[in-house]
Amino acid sequence: MAEVPEHLLRRSQERRKALGLPSDGDDAPAEPAAQPGAPGADAGADAPADVEAPEAAAAEDSGTPVTESVGGVPAHLLERSRKRKAAAAGGAAAEVGGGGTATATKAKAPAMTAGAPSGSGPGGHTQRLLTVVKAGSIQQTKAEAQDKVHTWPHLLAIEFASVMILLALVTIFSALVKAPLLGLADINQTPNPSKAPWYFLGLQELLTMFHPMVAGVTIPGIALGLLAVAPYVDKNPSNKPNDRKFAISMFTIFLMFWAILVIIGSFFRGEGFNFVFPWNNHVFFEL
Amino acid sequence: MAKGNGNGNGSDQGAGIGTKVSERATKVWDDTRGSQAWNSIFRPGSIYRKGYTDSPRNRSYVIMNNVLFHLHPVKVKRHAVKVSYTLCLGGLSFFLFILLTVTGIFLMFFYRPTAQEAWQTVENLETAVAFGSLVRNMHRWAAHLMVLSVFLHMSRVFYHGAYKSPREFNWVIGVILLTLTLLLSFTGYLLPWDQLALWAVTVGTNMMGYTPVLGNQVKYALLGSKEIGTDTLLRWYVLHVLMLPFVIVIFMAVHFWRVRKDGGISGPL
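Residue numbers (the working numbering), protein chains in the order written: chain A, 910 to 1196; chain B, 234 to 502.
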């Protein structure tokens, strides 16, 4: 016997009793194959159908010596199998399942002629439903052949080279151009003009046109919000530039809007944050 | 005759020593590579265990037995390795973040975030510390460059329509990363405590003070006081060197993870 836990056996018994089915001690759930020594007639019944059928057929054969090869199995093997089965007293069918693989692999034809297995499970079932796996719970994989290359060396070499180039550029630039360090901060001495960092100069530019609540909070808030929801607003599934003329023009307008504001704020604003031309005056811009 | 033999022996002996040294070196090397320590460092299949000869199998092993496996799959789409497609902008943004972390740690050794000392420590760094000026310049320029590269990366992604399903959420994370990058740059702007820093931050925080309803509270939270001073400096210093980097690293981890889970970078146009 395979090791079936005691409580499962007990539960199985109770279920069978409740359903009014004949209960026998040997009926363990999902018993894979009968073992030698198990009560012969019943042992085959619990095994899965395609294993059990040839066994039953073989059990019927076991009286007569085999002289012909059946289903591609050599005759001498069938004969040996038959002898073994005869030798195993009482557990003929079980012995086939355990040792005589030759017979077990026999073609299905004789199994069919052998008829239904002698002892089926409840309601004629020979298998038990353990669980139902819903289709949705299996991850769907769409395997399409893709043109792929190895990350090493193709991608890593490019990444390494680009990183080295950038590092070299930053180092050389830093060796040549000093970062600004103006005089010590003095709260009583306001520089004219006072400018925010360049990436906020677009907002500072908006301050000249709108109330600070609009320019400093509302507009940038809306801009970030629009950016964040863009993928949910743009329902067009295509990524072909020709199919996305509207999205591309909107985004380009968005970029240009900020770029122009930043450029004006950076280079076209002089003392008092008044509009100046950078070629007429000193450029009031520090990074 | 005897002399000849002697010479022969001598040269044999020399060769013997040479062989011995190379044999011993080989043995030491083999013992090292067979040792428990070595094998505990390099995973089974690592090229540092079994050597590397160019073959598809070994090319896979290079990635599979490497921490880079967290960033890259063994194979990527052919069009994805074209520099003209991504311009490396995302990866370079990440590299700039690493460069900023390294140079930033260096700067932290010399910097004191108080209104009395901050400017002086930066001045000392510029003039008295070996490589201090270079590292500060690198930190500054890399920071501006990172704002630019993150921004360009976002534009690239938009023009390729790469934010579309299933990558919508990764785009949202990207917008958060852009915001965090701006905040990191802005908080760092104050730290030198020079006129540029003070007044740029004054302009910025005055703007935030106009937040509807909570304006004064927002401004107070940003300044840590009624007006800009040592409290502000400490607050922005902690934000700049600890809190914002911590937050951005978490979002970057999710961002990179989603890039892989959503099937690598988006398809060709």
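The beta carbon of each residue, even a glycine, is placed where N, CA and C say it ideally should be. Source: prediction; values computed, not measured.
The stretch 1055-1066 of chain A and the stretch 429-444 of chain B do not touch, with fewer than 3 CB-CB distances between them shorter than 8 angstroms.
One finds nothing in chain B with a Cβ atom closer than 9 angstroms to the Cβ of Phe1166/A; even the nearest lies about 13 angstroms away. The stretch 363-379 of chain B and the stretch 479-499 of chain B do not touch, with fewer than three beta-carbon pairs separated by less than 8 angstroms. Proximity of the stretch 294-310 of chain B to the stretch 474-485 of chain B falls short of the contact definition, fewer than three beta-carbon pairs being nearer than 8 angstroms.
The C-beta distance from Val436/B to Ala1088/A rounds to 20 angstroms, too long to fall under 8 angstroms, and the pair is not in contact. Looking at the backbone, the Cα of Ala1132/A and that of Met1165/A are separated by about 13 angstroms. Per the coordinates, the alpha-carbon of Thr259/B lies some 16 angstroms from the alpha-carbon of Tyr281/B. Of all C-beta pairs linking the stretch 1135-1149 of chain A to the stretch 390-406 of chain B, three or more are shorter than 8 angstroms, placing the two stretches in contact.
DSSP links Phe1184/A through a beta bridge to Arg1178/A. Leu477/B sits close to Leu417/B, with the two beta carbons spaced by under 8 angstroms.
Listed in chain order, the positions of the stretch 282-315 of chain B with a beta carbon within less than 8 angstroms of a beta carbon of chain A are Pro289, Arg292, Ser293, Val295, Ile296, Leu301, His305, Pro306, Val307, Lys308, Val309, Lys310, Arg311, His312, Ala313, Val314. Listed along chain A, no residue sits closer than 7 angstroms to Glu350/B by beta-carbon distance, the nearest being about 11 angstroms off. Closer than 7 angstroms at the C-beta level to chain A, one finds these residues of the stretch 423-446 of chain B: Pro425, Trp426, Asp427, Gln428, Leu429, Ala430, Leu431, Trp432, Ala433, Thr435, Val436, Gly437, Met440, Met441, Tyr443, Thr444, Pro445.
A direct Cα-to-Cα measurement between Pro1100/A and Phe1160/A gives close to 36 angstroms. Under the three-state reduction of DSSP, His312/B is assigned to helix. Under DSSP, Leu1093/A shares a beta bridge with Asp427/B. Interface criterion met: the Cβ of Trp1061/A is under 8 angstroms from a Cβ in chain B. Look at Val982/A here: in three-state DSSP terms it is strand.
Three or more pairs of CB atoms, one per stretch, sit closer than 8 angstroms, so the stretch 369-389 of chain B contacts the stretch 332-351 of chain B. Collapsing the DSSP output to three states places His1120/A in coil. For the C-beta of Trp374/B, the chain A residues within less than 9 angstroms are, from N- to C-terminus, Val1079, Phe1082, Ser1083, Val1086, Ala1088, Leu1196. Using a CB distance cut-off of 8 angstroms, Val355/B counts as an interface residue toward chain A. In terms of beta-carbon proximity, Lys1051/A stays away from the interface with chain B, with every pair separated by 8 angstroms or more. For the stretch 265-281 of chain B, no residue has a beta-carbon sitting nearer than 7 angstroms to a beta-carbon of chain A. Chain A places no beta carbon closer than 8 angstroms to that of Trp262/B, leaving this residue out of the contacts.
DSSP, reduced to helix, strand and coil, places Val1138/A within a helical segment of the structure shown.
Chain-ordered, the chain B residues with CB closer than 9 angstroms to the CB of Met1122/A read Tyr443, Thr444, Pro445, Gly448. One finds nothing in chain B with a Cβ atom closer than 7 angstroms to the Cβ of Ser1175/A; even the nearest lies about 12 angstroms away.
In this structure, the straight-line span from the alpha carbon of Pro931/A to that of Leu1039/A is close to 21 angstroms.
The beta-carbon distance between Lys308/B and Lys1057/A, rounded to whole angstroms, is 4 angstroms. This is short enough to meet the 8 angstroms contact definition. By the rule that beta-carbons nearer than 8 angstroms mark a contact, Ser458/B does not touch chain A. Within the stretch 244-310 of chain B, the alpha helix (DSSP H) runs of at least 4 residues that lie entirely inside it are, in chain order, 269-274, 280-283, 289-297. Separation of Met1122/A and Val1079/A (C-alpha to C-alpha, rounded to the nearest whole angstrom) is 38 angstroms.
DSSP, read as helix, strand or coil, puts Lys1057/A in strand. Chain-ordered, the chain B residues with CB closer than 8 angstroms to the CB of Arg1153/A read Gly394. Taking a 10 Å sphere around the C-beta of His473/B, we find 16 or more other C-beta atoms and assign the residue as buried.
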